[in-house]
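In the numbering used here, the protein residues as written are -4 to 506.
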């Protein structure tokens, strides 16, 4: 259907949008004026009812949703297309990356992955003093946030303890920016306790970084490796994800007689329909868009056969409790064993169904199951398999309730533990919680700490001060502030209850 002139005019005349934000909004309207990839009637009906969801990626998938270039290629070989020689110094390496980022697409219009930065930059640090490295990283970090102001943009460091990783953690805590998002990949066989402690200290100051359970992630992927991108999504390096679709488990539960009907009849039906939607979008990208003829592929930054498809689910908490009510039970998800057991059974069934469905033009021929972090408009629905906001138990019980799900969601799953600000007096408690969570099988450790301006929404960051400015009709420099403000208004993210860990109030006292 053609673009609505009134909608276009409202975008153009919106005084709170920057010129770049207006251009992005206008381009989305233009794309969505094109016909949608062809769907059969049953799939279209399920999409219209939002039992399955395309994440509003657009009607014409002309680029993958998530792109993970192997930036080592351009740092080693340079780029003929961009007329860039291979860099020889740290200055040149950072400048090359800054140029490269502008040519990497994603669903946001900006890169969602800027590399495993310590591995990329360490070869250029010989002879560079600690002070010079700090100054250059700080300028680089400011550049990223000011020129690519999107909280889905993500950097990785670790698992080794090295000077680049330590400097990045120092700068990230000092600047308190929403971009880039950051993950430290932790491996107990490689990472020192000192750098893990520095990462945990950062969490108490700015709610960053994510800490990834590197051994669990690494065993899913091959020797080329993986990256954590956007919110907390684990995807193949030199590839990415062509698309992310999802199933609303609450809507599936509403269409089911009971838990048995849900697991054995209704859920398989909607999983199959979501696969049809996913394949239609993948087919358009591979067969019509021309993306895989780009220099990113021809120069080896990306490989065509390393793009997966992400099969997402959300509203597990609401689905389980809906089925509990139908069974005459008052058991609560995240709190009671009966409800938790049903949740684990749903995750296991989903993993079985996804593994059984072959796909073409998809890495290894199968989609990857994903605990999807929600949209800012998901009113009354909890992201992924998380516990409903405002009803979270203490942090240890929280981890124990949800850890059994993590084995099933190889392309990404994350909880957000909201900790009372008293934990700032005892960061060692957070370190112990992180190690304990990984021992239970958690793939990602993420925490918000009360009193911080920087807050995680679903996996991306907002500053509460930015949201207040946006709500006062003063606009936003960062693209994701509007999403965070909407999420705060509609999805109760600020209702998360800060929980005391243990003994923070007694920190420093004789024990």
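Beta carbons are placed, not taken as given, at the ideal position from N, Cα and C, and that holds for glycine.
Using the Cα positions of residue i and residue j, report the straight-line distance between them to the nearest angstrom.
i	j	result
residue 354	residue 337	28 Å
residue 241	residue 83	44 Å
residue 62	residue 346	24 Å
residue 177	residue 279	32 Å
residue 112	residue 2	41 Å
residue 169	residue 108	22 Å
residue 254	residue 312	14 Å
residue 451	residue 368	11 Å
residue 401	residue 443	20 Å
residue 287	residue 301	12 Å
residue 429	residue 329	19 Å
residue 85	residue 179	22 Å
residue 364	residue 426	28 Å
residue 322	residue 370	30 Å
residue 237	residue 201	32 Å
residue 506	residue 203	Any reading at residue 506 must be qualified, since the residue scores a pLDDT of 33, below 50, and its modelled position is unreliable; no value is offered.
residue 129	residue 151	17 Å
residue 390	residue 458	23 Å
residue 64	residue 233	5 Å
residue 497	residue 423	Any reading at residue 497 must be qualified, since the residue scores a pLDDT of 46, below 50, and its modelled position is unreliable; no value is offered.
residue 438	residue 407	8 Å
residue 186	residue 70	25 Å
residue 183	residue 190	11 Å
residue 16	residue 102	14 Å
residue 118	residue 0	53 Å
residue 122	residue 97	29 Å
residue 453	residue 403	19 Å
residue 239	residue 124	43 Å
residue 272	residue 159	42 Å
residue 218	residue -2	46 Å
residue 251	residue 166	51 Å
residue 503	residue 155	Unreliable positioning characterises residue 503 in this predicted model, as indicated by a pLDDT of 38, which lies under 50. A coordinate reading is not provided.
residue 14	residue 418	42 Å
residue 199	residue 445	9 Å
residue 8	residue 20	12 Å
Would you mind reading off the limits of the beta strand (DSSP E) that contains residue i?
i	result
residue 199	Run containing residue 199: none in the beta strand (DSSP E); it sits in the alpha helix (DSSP H), 188 to 201.
residue 178	176 to 181
residue 208	205 to 208
residue 450	449 to 451
residue 366	363 to 366
Could you spell out where the alpha helix (DSSP H) holding residue i opens and where it closes?
i	result
residue 108	No alpha helix (DSSP H) contains residue 108, which is instead part of the beta strand (DSSP E) from 108 to 111.
residue 311	311 to 321
residue 342	332 to 351
residue 382	Segment: none, residue 382 is in no alpha helix (DSSP H) and carries neither H nor E.
residue 17	14 to 26
residue 431	422 to 434
residue 34	Careful: residue 34 lies outside any alpha helix (DSSP H) and carries neither H nor E.
residue 290	290 to 293
residue 392	390 to 397
residue 1	0 to 8
Take residue i as the anchor and find which of the options has the nearest alpha-carbon.
i	options	result
residue 468	5, 12, 2	12
residue 144	461, 466, 233	461
residue 472	28, 102, 139, 90	139
residue 373	319, 478, 37, 335	478
residue 433	351, 207, 277	207
residue 116	157, 0, 392	157
residue 447	67, 197, 303	197
residue 68	413, 81, 59, 58	81
residue 99	153, 289, 361	289
residue 141	173, 126, 441, 163	173
residue 77	332, 296, 386	296
residue 431	410, 416, 395	395
Report the partner residues of residue i according to the DSSP bridge assignment.
i	result
residue 442	412
residue 236	61, 303
residue 226	For residue 226, which the question treats as bridged, DSSP gives no partner whatsoever.
residue 90	BP columns for residue 90 are empty, so no partner.
residue 231	221
residue 243	309
residue 456	451
residue 74	79
residue 48	241
Closer than 7 Å, CB to CB, is residue i near chain D or not?
i	result
residue 41	Absent here is chain D; the protein component of the structure consists of one chain.
Segments assigned alpha helix (DSSP H), at least 4 residues, entirely inside the stretch 113 to 187: 125 to 142, 158 to 170
Whole alpha helix (DSSP H) elements within the stretch 243 to 267, 4-residue minimum: 244 to 249
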